[in-house]
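Asker: Have a look at this one.
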Amino acid sequence: MSNPVLELLNNHRSIRVYTDEPVTDDMVATILSAANAGPNMNNYQPVTFIEITDQALKAEVTAQVGMDYIESAARYFVVAVDFNKDLIGLTPEVRALAEARLATYPMLEGGIVSAGVALGRAQVAAEAIGLGSVTMAGALGAFELYEKQLKLPQLVKAVMGFSIGFPAQEPGIKPKLPLTGMWMKDHYDQAQLEAAVADYDDTMAAYYSVRGVDSSWVKNNTKLLTRPRDYTALGQYPKQKGFKI
36 MSNPVLELLN
46 NHRSIRVYTD
56 EPVTDDMVAT
66 ILSAANAGPN
76 MNNYQPVTFI
86 EITDQALKAE
96 VTAQVGMDYI
106 ESAARYFVVA
116 VDFNKDLIGL
126 TPEVRALAEA
136 RLATYPMLEG
146 GIVSAGVALG
156 RAQVAAEAIG
166 LGSVTMAGAL
176 GAFELYEKQL
186 KLPQLVKAVM
196 GFSIGFPAQE
206 PGIKPKLPLT
216 GMWMKDHYDQ
226 AQLEAAVADY
236 DDTMAAYYSV
246 RGVDSSWVKN
256 NTKLLTRPRD
266 YTALGQYPKQ
276 KGFKI
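The opening residue of the sequence shown carries number 36 in this note's numbering; numbering runs sequentially from there.
And the structure:
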């Protein structure tokens, strides 16, 4: 089964090198309108895209997290879970009750899922109009800088970085796990998953080999998951924003 939308989805590439061609406000409006049209938690619409237009600040974020495709992107956004917007217009009594509910972990989790849905739609929209993009969990390493410079209120927490621009690379399509690695029936099937991972590890070993890299999915996971990193500050970040985790 195929059609242009499915082809667009299945041919996704994360783009990390961009041309100098500007991305217009009309293009951004098209992308964010598509993101905004998607489903979200209880229609709270708890997602906000905050664009950083100050090139010096983009450079500072890049220096902090080591991602050149923040500074070099035509447009860069910090994507935030935003429950502050849902407090607007409430009476003081209702606001107090609402703040207590919004501060709970299930609400934060729902907000993060809503942000993921919005980002997925934004990526597809960007690709549909000839742009490339990349989402970056690692961009959250600059969360203290975002807090200081973007003036984020309580119950507004940065969760992802998002760069868009005209592609200046063709990275190819990175293989993904076969469907048996993410589609199960009736119960969680460990044996099925282990077989899928074994097959996929061979696929990724071949993928990396063509690129002159000695790696595989398991080897890459081993490197990433054992690399020393202190997540203490990031772990405390939700609490600083008023969420009870």
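Heads up, the beta-carbon is just placed ideally off N, CA and C, and yes, glycines get one too.
Predicted, not measured: the structure shown is a model, and the values here were computed from it.
Work out the CA separation of Gly176 and Tyr90 for me, nearest whole Å.
Answerer: Start at 1 with the first residue of the sequence shown, and residue 90 comes out as number 55. Start at 1 with the first residue of the sequence shown, and residue 176 comes out as number 141. For the record, residue 90 in the displayed sequence is Gln; it is not Tyr. Rounded to whole angstroms, Gln90 to Gly176 spans 18 angstroms at the Cα level.
Asker: If we ignore side chains and look at the alpha-carbon of each, how far apart do Trp252 and Asp236 end up?
Answerer: The residue labelled residue 252 in the question sits at position 217 within the sequence shown. The residue labelled residue 236 in the question sits at position 201 within the sequence shown. Straight-line Cα distance between these residues: approximately 5 angstroms.
Asker: What are the boundary residues of the alpha helix (DSSP H) that includes Asp60?
Answerer: Here the question's residue 60 lines up with position 25 in the sequence shown. Per DSSP, Asp60 belongs to the alpha helix (DSSP H) from 60-71.
Asker: Going by other Cβ atoms of all chains shown within 10 Å of its Cβ, with 16 needed for buried, is Gly247 buried or exposed?
Answerer: For this step, residue 247 is matched to residue 212 along the sequence shown. Under this definition Gly247 is an exposed residue.
Asker: To which residues does DSSP link Glu86 through a beta bridge?
Answerer: Taking the first residue of the sequence shown as 1, we reach residue 86 at position 51. Partner(s): Phe112.
Asker: Give every residue of the same chain whose Cβ lies closer than 8 angstroms to the Cβ of Gly165, excluding the five residues on either side of it in the sequence, and list them in chain order.
Answerer: Residue 165 sits at position 130 when you count from the first residue of the sequence shown. Result list for Gly165: Phe201, in chain order.
Asker: Is DSSP giving Lys192 helix, strand or coil here?
Answerer: Start at 1 with the first residue of the sequence shown, and residue 192 comes out as number 157. If DSSP states are grouped into helix, strand and coil, Lys192 belongs with the strands.
Asker: Could you please give the first and the last residue of the uninterrupted beta strand (DSSP E) stretch that includes Thr170?
Answerer: Taking the sequence shown and counting its residues from 1, one reaches residue 170 at position 135. Here the beta strand (DSSP E) through Thr170 covers 167-171.
Asker: Below 6 angstroms CB to CB, which residues in the same chain sit around Arg156 once its five sequence neighbours on both sides are set aside?
Answerer: Locating residue 156 in the sequence shown gives position 121, where the first residue counts as 1. Ala69, Ala70, Gly73, listed in sequence order.
Asker: Between which two residues does the alpha helix (DSSP H) holding Leu187 run?
Answerer: Counted from its first residue, the sequence shown places residue 187 at position 152. Where Leu187 is concerned, there is no enclosing alpha helix (DSSP H), given that its DSSP letter is neither H nor E.
Asker: If you run the structure through DSSP and keep just helix, strand and coil, what is Gln279?
Answerer: Within the sequence shown, numbered from 1, the residue matching residue 279 stands at position 244. According to the sequence displayed, residue 279 carries Lys and not Gln. Reduced to three states, the DSSP call for Lys279 is strand.
Asker: Among Ser168, Ala241, Asn78, whose alpha-carbon lies nearest the alpha-carbon of Val58?
Answerer: Counting from 1 along the sequence shown, the entry for residue 58 is found at position 23. The shortest Cα separation from Val58 among Ser168, Ala241, Asn78 belongs to Ser168.
Asker: With C-beta atoms as the reference, is Phe112 less than 9 angstroms away from Gly196?
Answerer: If you number the sequence shown from 1, residue 112 lands on position 77. If you number the sequence shown from 1, residue 196 lands on position 161. Contact flag set, yes.
Asker: Return the Cβ separation of Glu99 and Leu180 in integer angstroms, given the expectation that the two are a contact with Cβ distance under 8 angstroms.
Answerer: For this step, residue 99 is matched to residue 64 along the sequence shown. For this step, residue 180 is matched to residue 145 along the sequence shown. The sequence as given places Gln at residue 99; Glu does not occur at that position. Indeed, because the Cβ distance is near 6 angstroms, the residues count as touching under 8 angstroms.
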